[in-house]
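Residue numbers (the working numbering): 298 to 539.
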């Protein structure tokens, strides 16, 4: 699959966050929407913050943009001073039609990709992101499902088989795709446990409380749970974000 999908990479550009090692190479085949943002106090006007901090923030974004372009990505960038970081991220997703958001933890060369598949909803978008980002890499993809007691083996095989078929349709080598099934576990805890053996995780926004989980936790807690980069594939929006 050669089409470049837009992947949002949010960086709190004035709070010590940078582009971690390995992330530019991870997105070498993507169109990167690089969001540098800084959350300001309610009493501070965005224009005032921009006058004070824009030069320093722009210098850092210049450096990060060059890193992604050197790795092979195409890049567009935004610098935003905001009172609400999550609303800014949501708005950028909508404005730039981003298929996924990357939580950019450090990584080495990616050899093993974990793709939790919760249900049939969003499978097409999930497959598009996996194929677009990893289709030209020498990486193995494991489709992972945590089943409850009411789910039959046939149902699971239909779900994961459908996902594998979509990946193949998007150009991925079927020999690089594996499946794994666990039962009767908390899905999020199970994913965290299994993810330890993988370099990166690609999961849908429809997974339990995932957007809150990813962006609502302090970065150190998130890093303790997911040591590598996490792609959060966005559900298809039916209405524009205001």
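Note that beta-carbon positions come from the ideal geometry of N, C-alpha and C, so glycine has one too. Note that this is a predicted model, so its numbers are computed, not measured.
(message) Which complete beta strand (DSSP E) runs does the stretch 306 to 368 hold, if anything under 3 residues is left out?
(response) 328 to 336
(message) With H, G and I counted as helix, E and B as strand and the rest as coil, what does DSSP make of residue 484?
(response) Residue 484 carries a helical assignment under DSSP once its states are collapsed to helix, strand and coil.
(message) Whole angstroms are fine: how far does the CA of residue 391 sit from the CA of residue 526?
(response) 22 Å
(message) On the CB-based measure, 16 or more other CB atoms within 10 Å of its CB, does residue 319 come out buried or exposed?
(response) buried
(request) Name the two residues that bound the continuous alpha helix (DSSP H) containing residue 452. (result) 450 to 466
(request) For residue 532, I'd like the list of residues in its chain whose CB is within less than 8 Å of its CB, leaving aside the five on either flank, ordered along the chain. (result) So the list reads 418, 419, 422, 501, 502, 503, once near-sequence residues are dropped.
(message) Helix, strand or coil for residue 392? Go by DSSP, reduced to three states.
(response) helix
(message) With a threshold of 7 Å on Cβ separation, who are the neighbours of residue 303 within its own chain once the five nearest residues in sequence on each side are excluded?
(response) Closer than 7 Å at the Cβ level, and outside the excluded window around residue 303, lie 328, 330, 393, 394, 395, 396.
(request) Note down, in chain order, each residue of its chain lying with its Cβ closer than 7 Å to the Cβ of residue 364, except the 5 sequence neighbours on either side. (result) Correct list, in chain order: 316, 321.
(message) Just checking: is the beta-carbon of residue 350 within a distance shorter than 8 Å of some beta-carbon in chain C?
(response) Here there is only one protein chain, and chain C is not present.
(message) Please classify residue 425 as buried or exposed, where buried requires at least 16 other C-beta atoms within 10 Å of its C-beta.
(response) buried
(message) Rounded to the nearest angstrom, what separates residue 353 and residue 383 at their Cα positions?
(response) 22 Å
(message) From the DSSP secondary-structure annotation, give me the bridge partner or partners of residue 397.
(response) 304, 530
(request) Could you tell me the distance, in whole angstroms, from the CA atom of residue 523 to the CA atom of residue 434? (result) Rounded to whole angstroms, residue 523 to residue 434 spans 21 Å at the Cα level.
(request) With DSSP as the reference, please indicate the residues paired to residue 415 in a beta bridge. (result) Beta-bridge pairing links residue 415 to no other residue.
(message) Pairs of beta-carbons, one from the stretch 450 to 466 and one from the stretch 373 to 389, closer than 8 Å: are there three or more?
(response) no
(request) Locate the alpha helix (DSSP H) running through residue 423, then write down its first and last residues. (result) 420 to 431
(request) Report yes if the C-beta distance between residue 496 and residue 404 is below 8 Å; otherwise report no. (result) yes
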